[in-house]
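Notes to accompany the following structure.
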Amino acid sequence: MLRKAQADAKYREMTQGSVQRLILRLCIPAIISNLVTMAYNLADTFFIGHLGTAQSGAIGIAFSVMTILQAIGFFFGNGSGNTIARELGKHNVDRAGKLLSIGFFGSLLCGAVVAVLSLLTLRWLVVVLGSTSTIAPYAVEYLTPILSVSPLVCASFTMNGQLRYQGQSALGMYGLVSGALLNFIIAPVFIFVLGMGIFGAGLATAVCQSVAFMILLRMSLKHAVIRLSWRQCQPTVLLVREIMGGGLPSLVRQGAGSVAVTCVNIAANPFGDAAIAGMAIVMRIMMFANSMIIGLGQGFQPVCGYNFGAGLFARVKAGYWFCVRLSTAALVVMAVLMWFSAPHLIALFRSDPEVIAVGSLALRIQCTTVMLGGYNMMSNMMQQTMGKTGIASLLALCRLGLFLAPAVLLLPHLMGFLGVQAAQSFSDVLTFIVTIPLQGRVLRSLRIRKEKG
């Protein structure tokens, strides 16, 4: 009865409260989680940057693998979470509980499969991902402890997403932020004090991810609107299909991100370790900037899901346009700040003049188009939450796969290394052009639904 009362109270809050205030309240924990998580990724980059250029390049290689683990977590977390939000909007609490449990245990299983396969082929894998002969040994050292706990990494991202879609972003924040803050403390100890080098950075990350998993699991068991339970893990064709449909855009987006990072590393490979290190630093900085916008979208998604499930389409549109305007304004401000501070930002992570030159130009080029990400990202998140799997998956693929991967492999033949540095901006513009008509169709469908009552 307590869980039923919680679910009813959450329904009233999500469908009757001010849309703007709801989004802002829900997005703040998500933004904090994203920023702190990205901050500890940047801290790894900062600490490892003191070890050498090859070690900095290893972070760029490892980033591809970490993106795959996130992709699995987001696939099950967003795949189950999107439908959970819509089912809670329809008062289907029991069905939401089944989706929750299937998503959690599915992510654990897939994480275990990735751990086994990756550890067995790790030396070959890092070379395929773009390592030079000097970078490869460090990439193996860094990834080994992280891959050993990859089931917990995947499940942590899944639980965070599931809590967020229940309208409980703050609970998800506690787990991720606790792990991230712990990493700030133990990473330099492992790397420098204990003399473990880049292996120590990977070990610290593994320890912190395990701590985050335990905290998130306790939150899910004790305080969530719907309870995580092994007995509720009753997969059927229909439930699995809904999780796959809801999670496919996230899987495509993250999987394409991993492919894109790999393509950047391969394209930068002929230009040396400094080129790989510089691009790796830029990718981390841009992800830090985008994490705030992603957090805003994550605050919008549960509001969108609840209200779409309840048939309150005017509230869905109001929330969408609020997020588009706010995210675009924030990205413009960040672009200006990053443009003028580009060399100083790169120098924070690596003082090598060649790395600074490579990274500064790449960062400034990306600043010219980063503001398009607000519209692109909010449209994609809205489509995913509404269950528009095909459109959402296509647009998720565009920015990091369909456009970026070919651009980063073809443009260097025309422009040299400048083509590698400009490829992301090229992809952003094309994605924006494609998003406009597709999102227009989605918005028109909402208007028609509203008119038909």
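If you read the sequence shown in my numbering, its first letter stands for residue -17, the second for the next number, and so on. Every residue, glycine too, gets a C-beta built ideally from N, C-alpha and C.
* Euclidean distance between Cα positions of G112 and I43 -> Distance between the alpha carbons of G112 and I43: 7 Å.
* Asked: Where does M363 sit, in a helix, a strand or coil, going by DSSP?
  -> Correct three-state label for M363: helix.
* Asked: In its own chain, which residues sit with a C-beta less than 6 Å from the C-beta of S151, not counting the 5 before and 5 after it?
  -> Hits under 6 Å: L8, P11 and A12.
* Using DSSP with H/G/I as helix, E/B as strand and the rest coil, what is I263? -> Of the three classes helix, strand and coil, the one that applies to I263 here is helix, per DSSP.
* To do: Could you spell out the range, first to last residue, of the alpha helix (DSSP H) harbouring F45?
  => For F45, the enclosing alpha helix (DSSP H) begins and ends at T35 to G71.
* **Residues of its chain near C215, where Cβ-Cβ distance is below 6 Å and the 5 sequence neighbours each way are ignored** => The residues are S83, I84 and F87.
* Which whole runs of the alpha helix (DSSP H) in the stretch 371 to 430 are 4 residues long or more, in chain order? -> Inside the stretch 371 to 430, DSSP marks whole alpha helix (DSSP H) runs of 4 or more residues at positions 371 to 379 and 386 to 397, from first to last along the chain.
* If we call anything under 9 Å between Cβ atoms a contact, is A94 one with Y147? -> In this structure, Y147 does not lie closer than 9 Å to A94 by Cβ.
* **Proximity to L376 [Cα-Cα], best of V411, T417 and G355** => Minimum Cα distance to L376 is reached at T417.
* Is F181 closer than 9 Å to Y124 when the C-beta atoms are compared? -> Contact: yes.
* Which residues mark the beginning and the end of the alpha helix (DSSP H) in which F172 is found? -> That residue, F172, is in no alpha helix (DSSP H); it is neither H nor E in DSSP.
* Asked: Going straight from the alpha carbon of L199 to that of M141, what length do you get?
  -> One C-alpha to the other measures close to 7 Å.
* **Separation of S202 from S211, as counted between CA atoms** => Taken atom to atom, the span from the alpha-carbon of S211 to that of S202 is near 10 Å.
* **Check whether L354 and F399 have beta carbons under 9 Å apart** => Against a cut-off of 9 Å, the Cβ pair of F399 and L354 comes out as no contact.
* With a 10 Å radius around its C-beta and 16 neighbouring C-beta atoms as the bar for buried, classify E(-5) as buried or exposed. => With a threshold of 16 other beta carbon atoms within 10 Å, E(-5) falls short and is exposed.
* **8 Å CB neighbourhood of V437 in its chain, flanking five on each side removed** => Limits of the chain in this structure are -17 at one end and 435 at the other, which puts residue 437 out of reach.
* Asked: Are Q52 and L134 close, meaning C-beta to C-beta below 9 Å?
  -> No, Cβ-Cβ distance for Q52 and L134 is not below 9 Å.
* W212, enclosing alpha helix (DSSP H) - first and last residue -> Segment: none, W212 is in no alpha helix (DSSP H) and carries neither H nor E.
* What residue from I275, M269, Q280 and V122 has the CA that sits closest to Q366's CA? -> Answer by Cα proximity: Q280.
* To do: Determine the direct distance from the alpha carbon of V318 to that of G423, and round the result to whole angstroms.
  => Note that residue 423 is Arg in the sequence shown here, rather than Gly. Near 33 Å, if we compare the C-alpha coordinates of V318 and R423.
* Asked: In whole angstroms, what separates the C-alpha of T244 from that of V306?
  -> Taking the straight line from one Cα to the other gives about 30 Å.
* If we count the other Cβ atoms within 10 Å of its Cβ and call it buried at 16 or more, is D334 buried or exposed? -> D334 comes out buried.
* Along the chain, where does the alpha helix (DSSP H) that runs through R332 open and close? -> Looking at the DSSP string, R332 is not in any alpha helix (DSSP H), and its letter there is neither H nor E.
* Which one of V411, I5 and A21 has the shortest CA to CA distance from F270? -> Considering only alpha carbons, the answer is A21.
* Asked: When burial is assigned at 16 or more other CB atoms within 10 Å of the CB, is F322 buried or exposed?
  -> F322 comes out exposed.
* R3 versus F304: straight-line alpha-carbon distance, rounded -> One alpha carbon belongs to R3, the other to F304, and they sit about 11 Å apart.
* **Cβ neighbour criterion (16 or more within 10 Å) applied to R223** => R223 sits exposed, since fewer than 16 C-beta atoms from the chains shown fall within 10 Å of its C-beta.
* Buried/exposed call for G372, threshold 16 Cβ in 10 Å -> G372 is exposed by the Cβ-count criterion.
* Within the same chain, show all residues whose beta-carbon is closer than 7 Å to that of K80, passing over the 5 residues directly before and after it, in chain order. => These residues qualify, in order along the chain: Q214, Q216 and L221.
* **CA nearest to the CA of F56, picked from S273, M359, T114 and L233** => The closest CA to that of F56, considering only S273, M359, T114 and L233, is found on L233.
* Check whether the Cβ atoms of G157 and S138 lie closer than 9 Å to each other. => In contact: G157 and S138 (Cβ atoms closer than 9 Å).
* To do: To the nearest angstrom, report how far apart T(-3) and V315 are at their CA atoms.
  => Each residue's alpha carbon lies about 32 Å from the other.
* Smallest Cα separation from A329: which of S38, I225 and G301? -> Check the Cα spacing between A329 and each of S38, I225 and G301: the tightest is with S38.
* Secondary structure at G149, three-state DSSP: helix, strand or coil? -> Three-state result, G149: coil.
* Looking at C-alpha atoms only, which residue of G356, R332, S309 and L313 is the closest neighbour of I263? -> If we check each option's Cα against that of I263, R332 comes out closest.
* Whose C-beta lies closer than 6 Å to the C-beta of M368 among residues of the same chain, with five residues either side of it excluded? -> Closer than 6 Å at the Cβ level, and outside the excluded window around M368, lie F290.
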